[in-house]
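Inspection log for the structure reproduced underneath, given as structure tokens.
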Amino acid sequence: MTAAGDRKPVLIAGGGIGGLAAALGLAQKGIASILLEKASALGEIGAGIQLGPNAFHAFDYLGVGEAARGMAVYIDQLRLMDALTAQEITHIDLGDAFRTRFGNPYGVVHRGDLHGVFLKACRDHELIELRVSSEVTGYDQDGSSVTARLASGERVTGSLLIGADGLWSNIRKSVAADGPPRVSGHSTYRSVIPTDEMPEDLRWNAATLWAGPKCHIVHYPLSGWKVFNLVVTYHNHAPDPVAGQAVSDDEVMRGFAHVHERAKGIIRHGRNWKLWVLCDRDPMERWIDGRVVLLGDAAHPTLQYFAQGACMALEDAVCLSHMLSQHPDDHAGALERYRSQRFERTARIQLQSRAIGEHIYHPDGDHARLRNAIMSAKSSEEYYRDLEWLYGGTGLTG
Numbered sequence: 004m005t006a007a008g009d010r011k012p013v014l015i016a017g018g019g020i021g022g023l024a025a026a027l028g029l030a031q032k033g034i035a036s037i038l039l040e041k042a043s044a045l046g047e048i049g050a051g052i053q054l055g056p057n058a059f060h061a062f063d064y065l066g067v068g069e070a071a072r073g074m075a076v077y078i079d080q081l082r083l084m085d086a087l088t089a090q091e092i093t094h095i096d097l098g099d100a101f102r103t104r105f106g107n108p109y110g111v112v113h114r115g116d117l118h119g120v121f122l123k124a125c126r127d128h129e130l131i132e133l134r135v136s137s138e139v140t141g142y143d144q145d146g147s148s149v150t151a152r153l154a155s156g157e158r159v160t161g162s163l164l165i166g167a168d169g170l171w172s173n174i175r176k177s178v179a180a181d182g183p184p185r186v187s188g189h190s191t192y193r194s195v196i197p198t199d200e201m202p203e204d205l206r207w208n209a210a211t212l213w214a215g216p217k218c219h220i221v222h223y224p225l226s227g228w229k230v231f232n233l234v235v236t237y238h239n240h241a242p243d244p245v246a247g248q249a250v251s252d253d254e255v256m257r258g259f260a261h262v263h264e265r266a267k268g269i270i271r272h273g274r275n276w277k278l279w280v281l282c283d284r285d286p287m288e289r290w291i292d293g294r295v296v297l298l299g300d301a302a303h304p305t306l307q308y309f310a311q312g313a314c315m316a317l318e319d320a321v322c323l324s325h326m327l328s329q330h331p332d333d334h335a336g337a338l339e340r341y342r343s344q345r346f347e348r349t350a351r352i353q354l355q356s357r358a359i360g361e362h363i364y365h366p367d368g369d370h371a372r373l374r375n376a377i378m379s380a381k382s383s384e385e386y387y388r389d390l391e392w393l394y395g396g397t398g399l400t401g
């Protein structure tokens, strides 16, 4: 499948990081695409993203490694604190030994900055057409093409349709027909604070997790140390999904009355809090319907606890573009090879993210004491061995 001759472009529903990465991956292989984004402008909300070495492997494959590296802050540690005692449980060193082991660093970046890297690369590429105000509501297909139906009534025809339209994917409704996502009951509140407002003794060059009973706090520096990303989560059995709702400081603090004063002090520095109620899905193998395929959160939405949601979408883009370039005249075979290679890995992320939330982020009492004992006894080298399966690949393996 190439851009030459009478080949129709690939259609991509969704202009987030996953959709842009898919367009760029295809363009790197000479495959034209039309990206259809429902919003009136291409942009990204949210704050920080953690990027394991596997994300940097994908950046390099997609041709944006240098630009992405310029946006990142390279942290020295993953640090786990006990939110009840304010004592460190353990940390994983991310220095030279880590980089040598996995071939790339561990970084953190503002979601908007990373989206901008991909957006610029896509705008600069002649094989990528970007359209806004173009929500894909459904599709029709025959033996030779697929036609996206837009909310405006317009129809756009291509060779394939990639559903990269996120957790509430319209494309998934037809491909999988499996109902709405699962509401986790975990409420996450996000803030970004100027570095000079972060307590000086906590301005660590680390992705720091304060783990407490049914709650946790995460913070790390962003944007050249201009700000700190602050994310706090409370397992309060919230029944309904929420995304980006403004909330009061008092609401945020409500779930953290039981943690150490030092941990509470971090939260008090947050401002302009926004609420998300986390959702995910069980792993599901139906990613393909003829010439239509799912990618990223549309295929395998996950909770935040592995910090791998964006990384998995990047890997999907690498794998899918590779398979389509390797099998240009067999779209069915290419899509199935993509699905079969990605399913087990992404399912593991989905299920282990839930387990990490239960057993590392939110345990109480004896459960928490057992966590502390097990995790404090392990060396960085032992953690490296545990993470080999995750950080070693580009999306073409594992």
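Position in the sequence shown counted from 1, then plus 3, gives you our numbering. Just so it is clear, CB atoms sit at the ideal spot from N, CA and C, and this is done for glycine as well. For clarity, every value in this text was computed on a predicted model and none was experimentally measured.
For residue j and residue i, the rounded distance between their alpha carbons
i, j, result
"Ala71", "Ala316", "16 Å"
"Arg406", "Gly33", "Nothing can be reported for residue 406, as the shown portion of the chain is limited to 4 through 401."
"Ala214", "His330", "46 Å"
"Glu138", "Arg158", "11 Å"
"Asp116", "Asn57", "19 Å"
"Ser148", "Leu338", "15 Å"
"Met4", "Arg372", "Residue placement at Met4 is poorly supported in this model, since its pLDDT is 41, which falls under 50; the coordinates still yield a value, given next. So the alpha carbons of these two residues sit roughly 56 Å apart."
"Gln31", "Leu65", "7 Å"
"Asp389", "Arg374", "16 Å"
"Glu69", "Asp367", "43 Å"
"Arg357", "Thr349", "13 Å"
"Ile92", "Ser343", "38 Å"
"Glu129", "Lys217", "49 Å"
"Gln353", "Thr160", "33 Å"
"Pro224", "Ile174", "36 Å"
"Pro402", "His303", "The question about residue 402 has no answer here: the residues shown for the chain are numbered 4 through 401."
"Lys267", "Pro183", "35 Å"
"Gly156", "Leu133", "18 Å"
"His261", "Asp253", "14 Å"
"Gly401", "Thr88", "Model confidence at Gly401 stands at a pLDDT of 41, short of 50, so the residue's coordinates are unreliable; what they give is reported in the following sentence. Approximately 38 Å, taken between the alpha carbons."
"Ile131", "Leu164", "14 Å"
"Ala50", "Trp171", "20 Å"
"Glu318", "Glu203", "37 Å"
"His94", "Gly46", "34 Å"
"Tyr142", "Ala151", "4 Å"
"Glu385", "Asp63", "27 Å"
"Val127", "Val120", "Residue identity differs from the one stated: residue 127 is Asp in this sequence, not Val. Answer to the nearest angstrom: the Cα atoms are 11 Å apart."
"Leu399", "Arg104", "19 Å"
"Pro242", "Ser324", "38 Å"
Beta-carbon proximity check, residue i vs residue j, cutoff 8 Å
i, j, result
"Val135", "Ala44", "yes"
"Gln307", "Leu281", "yes"
"Leu83", "Cys314", "no"
"Ser194", "Leu233", "yes"
"Ala154", "Thr140", "yes"
"Gly299", "Thr305", "no"
"Ile52", "Arg102", "no"
"His189", "Thr236", "yes"
"Phe59", "Pro12", "no"
"Arg185", "Asp292", "no"
"Ile270", "Val255", "yes"
"Gly247", "Ile48", "yes"
"Ile196", "Val230", "yes"
"Ala320", "Gly28", "yes"
"Leu39", "Ala26", "no"
"Ala16", "Asp168", "yes"
From the options, residue whose alpha carbon lies closest to that of residue i
i, options, result
"Leu297", "Cys322, Ile377 and Lys217", "Cys322"
"Leu122", "Ile20, Ala266 and Tyr394", "Ile20"
"Ala210", "Ile78, Thr236, Val295 and Leu117", "Ile78"
"Leu212", "Gly141, Tyr364 and Asp292", "Tyr364"
"Ala61", "Gly46, Leu23 and Ile92", "Leu23"
"Ala301", "Thr160, Gly166, Ile270 and Phe259", "Gly166"
"Gly146", "Ser162, Gly156 and Leu133", "Ser162"
"Trp276", "Ala380, Tyr192 and His334", "Tyr192"
"Asp96", "Pro12, Asn208 and Glu40", "Asn208"
"Ile294", "Gly46, Ser177 and Ile269", "A small fix is needed here, since residue 294 is Arg in this sequence, not Ile. Nearest C-alpha to Arg294: Ser177."
"Phe309", "Leu393, Ala246 and Thr150", "Leu393"
"Arg289", "Ala180, Arg152, Glu200 and Pro197", "Ala180"
"Leu327", "Ser36, Ala16, Gly18 and Gly17", "Ser36"
"Ile359", "Ala100, Met74, Asp333 and Met378", "Met378"
Beta-bridge partners of residue i, as assigned by DSSP
i, result
"Gln248", "Leu278"
"Ile52", "Val112"
"Val295", "Leu164 and Asp292"
"Ser136", "Answer by DSSP bridge pairing: none, since Ser136 is not bridged."
"Ser190", "Tyr237 and Val280"
"Val195", "Asn232"
"Arg185", "Asp283"
"Asp143", "Thr150"
"Gly159", "Contrary to the premise, residue 159 reads as Val rather than Gly in this sequence. Paired residue(s): Ala151."
"Ile20", "Ile20 pairs with nothing; no bridge assigned."
"Ile37", "Leu14 and Glu132"
Within the region 200-225, ranges of the beta strand (DSSP E) (whole runs, at least 3 residues)
Counting only runs of 3 or more, we get 209-215 and 218-225.
Every unbroken beta strand (DSSP E) within the region 49-110, with a cutoff of 3 residues, ordered by chain
For the region 49-110, whole beta strand (DSSP E) runs of length 3 or above, ordered along the chain, are 51-54, 80-85 and 91-96.
Runs of alpha helix (DSSP H) wholly within the region 292-378 (minimum 4 residues, chain order)
Taken in chain order, the complete alpha helix (DSSP H) segments of 4 or more residues contained in the region 292-378 are 312-329 and 334-359.
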